[in-house]
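Residue numbers (my numbering), protein chains in the order written: chain A, 73 to 176; chain B, 171 to 548. Quick reminder that beta carbons are idealized off the backbone N, C-alpha and C, glycines included. Here's the structure, in structure tokens; my notes come after.
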Amino acid sequence: MTRFFPMRKSTKFFFFITICTLLQAALIQDIGRSQANSRAITAANAELVHRLMLTDLCLFTEARYTRNPSLTDIHSAFQDHPLAMDHFPSGSLVAPPDFSNEAP
Amino acid sequence: MNRPLERHRNIVDFALSSLLRRKGKNISLLLVYTLIVFIIASIIFFVQALKREAGLVLKEAPDMVVQRLVAGRHDPIPVAFAEKIAAIRGVSSVTPRLWGYYYDAAIGANYTIMATDNNPPEPESIIIGSGVARVRRLAKGDMMTFRAYDGGINLFEVQDILPYASELMAADMVIMDRSDFRTLFNFPDGVATDLSVTVRNPRELTTIAAKIVRQFPDTRPILKSEILRTYNSIFDWRGGMLVVVLGVAVLAFIIFAWDKATGLSAEERKEIGILKSIGWETSDVLLLKFWEGAVISLSAFLFGVILAYGHVFFFSASLFEQALKGWAVLYPRFKLTPAADPYQLAVLFFLTVIPYTVTTIIPSWRAATIDPDAAMRS
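As structure tokens, this is what we get:
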């Protein structure tokens, strides 16, 4: 192909950058479309949360304070000993909840 | 053709040829650079999508949950508290919640057992999350055994399985009738796990919470705003492993930039000397080095972001799965709805592309301003 239509390196590079940029633009476009498509699923999940009165996402099921971080004991992270580090690997992933403005 | 444009094209041609002359070094540089952008962009996409999902879905969470604390630990709360809380002005309803955890010794997984009055399953039947169905290989109509508080075996029929799309909320959920829940755990009548409080005006939540604590000092109200904030702070960039991953990526990038900024190789210095001796201006040399840096950094940025998008939204962030799983046997399989913050992507662009390009120019400027003869001999 390039034998018949010799292309400069700079032209190839700009083609490459244009394709990548268009691909990124298409992905950003895809965000809006996917969000519109998933509206029904999100509504069904919100209805489930309302019906079962759920308070947390099911992200980490290994321990009660990682399963329901918003309802956890205030001092769970060091519950056994002040110097005892967290038992569970997800403890290093999850930051403690912010209770700084908690109602008295 | 436009002369300045033609000049840039010529210099880009030369820059690409120059990069291809050191193919091995530059391809490995591009790969490492792309990997760093990929990791940071994956984290940005994952966290953004998860926060969005949590915000949308947990909007329907109870206005307030009231727990009872005994010796600093969560304890069952008397249902009698509910009537007194319901009498507080502004409270529209108080519903006792019955829920708890069950450890399944057969597979080592933890389930969340929840009893509900709202559309409950038949007695001695359960509705299970699709995560439970997956790990226990259960289908509708199968029987599932639970070890009761006294060691006896309780049999429940699987009445229904929650849809796959609800895994992020209820993968580990076992829903049963309230009487079955009390029988399974010997949970006394007259107490509940906690209370869900609905108020008429959300602005009064803190006042009502203060009244509840005044009336029942051993209780702890948790407001909906705190529940929502938890998910913002959990995946905050300052928290836990995220800061470690981001730190490592940023450090790798600094090493990169440092390597570039601390000087040129003898070969590159010689190249600049030759270019100057055949008539290139210092500005031409700087433009050449700018384009060399821009080709690498722009390609890495575009590639890295596209790969990160595919990783998080088409492959469900499979590289993060092991880190998120921890010791959990039952892990939800969820597909996140794409979400991206253009502001964060712009920050990523300015933090990766611009500094790298600048650090490529500085040592070249130093080499380009000395005598070509000295540059070639050095």
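Residues bridged to residue i (per DSSP)
i, result
"D233 of chain B", "D233 of chain B pairs with nothing; no bridge assigned."
"N280 of chain B", "B:Y273"
"S295 of chain B", "B:E327"
"I345 of chain B", "B:M284, B:I297"
"R267 of chain B", "B:D364"
"V261 of chain B", "B:V369"
"L239 of chain B", "B:H244"
Cβ-Cβ separation, residue j to residue i (assumed contact under 8 Å), whole Å
i, j, result
"P525 of chain B", "A427 of chain B", "6 Å"
"T127 of chain A", "V235 of chain B", "6 Å"
"I210 of chain B", "L518 of chain B", "6 Å"
"A98 of chain A", "A335 of chain B", "The pair is not a contact, with the Cβ atoms about 25 Å apart (cut-off 8 Å)."
"I247 of chain B", "F351 of chain B", "About 15 Å separates the two Cβ atoms, so there is no contact after all."
"T368 of chain B", "G270 of chain B", "Rounded, the Cβ-Cβ distance is 22 Å, inconsistent with contact."
"K446 of chain B", "A538 of chain B", "7 Å"
"R80 of chain A", "R179 of chain B", "7 Å"
The alpha helix (DSSP H) enclosing residue i, as first and last residue numbers
i, result
"E119 of chain A", "111 to 124"
"R136 of chain A", "136 to 139"
"T389 of chain B", "Unbroken run through T389 of chain B is the beta strand (DSSP E), 389 to 393; no alpha helix (DSSP H)."
"D359 of chain B", "Element bounds for D359 of chain B: n/a, residue is neither H nor E."
"D128 of chain A", "Unbroken run through D128 of chain A: none, as it is neither H nor E."
"W461 of chain B", "452 to 479"
"I255 of chain B", "250 to 256"
"G443 of chain B", "436 to 447"
"S488 of chain B", "488 to 495"
"L338 of chain B", "337 to 340"
Element boundaries [beta strand (DSSP E), containing residue i]
i, result
"Y513 of chain B", "Counting along the chain, Y513 of chain B falls outside any beta strand (DSSP E), though it belongs to the alpha helix (DSSP H) covering 512 to 538."
"R173 of chain B", "Per DSSP, R173 of chain B belongs to no beta strand (DSSP E); it is in the alpha helix (DSSP H), 173 to 191."
"R370 of chain B", "Per DSSP, R370 of chain B belongs to no beta strand (DSSP E) and is neither H nor E."
"D245 of chain B", "243 to 245"
"L332 of chain B", "Taken as a continuous stretch (DSSP letters only), L332 of chain B belongs to no beta strand (DSSP E), as it is neither H nor E."
Three-state secondary structure (DSSP) of residue i
i, result
"F86 of chain A", "helix"
"A509 of chain B", "coil"
"M79 of chain A", "coil"
"A98 of chain A", "helix"
"H153 of chain A", "Its pLDDT being 47, under 50, H153 of chain A is placed unreliably by the model, and nothing is read from it."
"L500 of chain B", "coil"
"F316 of chain B", "strand"
"A544 of chain B", "helix"
"V310 of chain B", "Residue identity differs from the one stated: residue 310 of chain B is Lys in this sequence, not Val. Reduced to three states, the DSSP call for K310 of chain B is coil."
"C92 of chain A", "helix"
"N402 of chain B", "helix"
"G104 of chain A", "helix"
"G417 of chain B", "helix"
"G194 of chain B", "helix"
"T144 of chain A", "coil"
"F423 of chain B", "helix"
"T204 of chain B", "helix"
"T133 of chain A", "coil"
"G321 of chain B", "coil"
"L386 of chain B", "The residue asked about is misnamed: residue 386 of chain B is Phe in this sequence, not Leu. Residue state, collapsed to three classes: coil."
Interface residues of chain A facing residue i [CB-CB closer than 7 Å]
i, result
"Y340 of chain B", "Rather than Tyr, the amino acid found at residue 340 of chain B in this sequence is Ala. Within chain A, the residues near A340 of chain B are L120, C130."
"M284 of chain B", "L124"
Neighbour list for residue i in chain B, Cβ cutoff strictly below 8 Å
i, result
"F85 of chain A", "V182, L186, V465"
Neighbour list for residue i in chain A, Cβ cutoff strictly below 9 Å
i, result
"L228 of chain B", "A118, V121, L126, T127, D128, L129, S142"
"R179 of chain B", "R80, S82, T83, F86"
"I206 of chain B", "Residues of chain A passing the Cβ test: none, with the nearest at roughly 17 Å."
"A279 of chain B", "T133"
Chain-ordered neighbours of residue i on chain B, where CB pairs are closer than 9 Å
i, result
"T93 of chain A", "L472"
Partners in chain A for residue i, counting only beta-carbon separations shorter than 8 Å
i, result
"Q514 of chain B", "The contacting residues do not exist; Q514 of chain B stays about 13 Å from chain A at best."
"W450 of chain B", "What W450 of chain B touches in chain A: nothing, since even the nearest Cβ is about 17 Å away."
"S336 of chain B", "A116, N117, L120"
"L458 of chain B", "Residues of chain A passing the Cβ test: none, with the nearest at roughly 12 Å."
"A509 of chain B", "I103, Q107"
Neighbour list for residue i in chain B, Cβ cutoff strictly below 7 Å
i, result
"T90 of chain A", "Here the premise fails: no neighbours, minimum Cβ distance about 10 Å."
"Q96 of chain A", "L472, V475, I476"
"Q101 of chain A", "Correct list: empty, because the minimum Cβ distance to chain B is about 10 Å."
Which residues of the segment 255 to 274 of chain B have a Cβ closer than 8 Å to any Cβ of chain C? Give them in chain order.
The structure shown contains no chain C; the protein chains it does contain are A and B.
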